[in-house]
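Since the structure comes first, as structure tokens, the remarks are kept for the end.
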């Protein structure tokens, strides 16, 4: 689940790992919050899997959409912040670029105007149905 935030704070990070999330399947152009919702389920599975596999505690995360000027593309960054049993910070992230055609004209206009939209990633509700194996 995501919550929209305006500012981004810094964090001390020990490790950065990049891995694939999931592909966005597009039927028709959508709004920014709908695009964020499409990332939510996959993000929950990744968080739960990392917590189970690595003895990590999920602390926070963020999903960022940046408009890439003159390219008609959207840079998407997903960051997950964990702490291990020693209290060390672990950052897991994924970057990709999407065509702006995934968004409605209104959503593109909003993103062009503000240049960056950030959603806070909340801890998933742990159930047997959403744990990734």
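Numbering (our numbering), first residue to last: 14 to 146. The C-beta atom is built at its ideal place from N, Cα and C for all residues, glycine as well.
Residue 78 and residue 87 do touch by the CB rule: their CB atoms are close to 6 Å apart, below 8 Å.
Distance between residue 118 and residue 85, taken at the CA atoms: about 12 Å.
The Cβ atoms of residue 75 and residue 134 sit closer than 8 Å to each other.
Restricted to the region 74 to 128, the alpha helix (DSSP H) segments that are unbroken, complete and at least 4 residues in length are 118 to 127, listed in chain order. One Cα belongs to residue 109, the other to residue 90, and the distance between them is close to 7 Å.
DSSP places residue 65 within a helical segment (H, G or I) once states are collapsed to three. Residue 98 holds the alpha-carbon nearest to the alpha-carbon of residue 66 among 81, 48, 98. Contact between residue 116 and residue 43 holds, with the beta-carbon distance rounding to 6 Å and staying under 8 Å.
Leaving aside the five residues that flank residue 45 on each side, the residues in its chain whose CB is nearer than 8 Å to its CB run, in chain order, 78, 116, 120, 123, 124, 130.
Separation of the CB atoms of residue 94 and residue 128 is rounded to 23 Å, and the pair is thereby denied contact status at 8 Å. In terms of Cα proximity to residue 69, the closest of 105, 111, 113, 126 is 105. Counting every other CB atom within 10 Å of its CB across the protein chains shown gives residue 49 a total of 16 or more, marking it as buried. The C-alpha of residue 41 lies about 14 Å from the C-alpha of residue 111.
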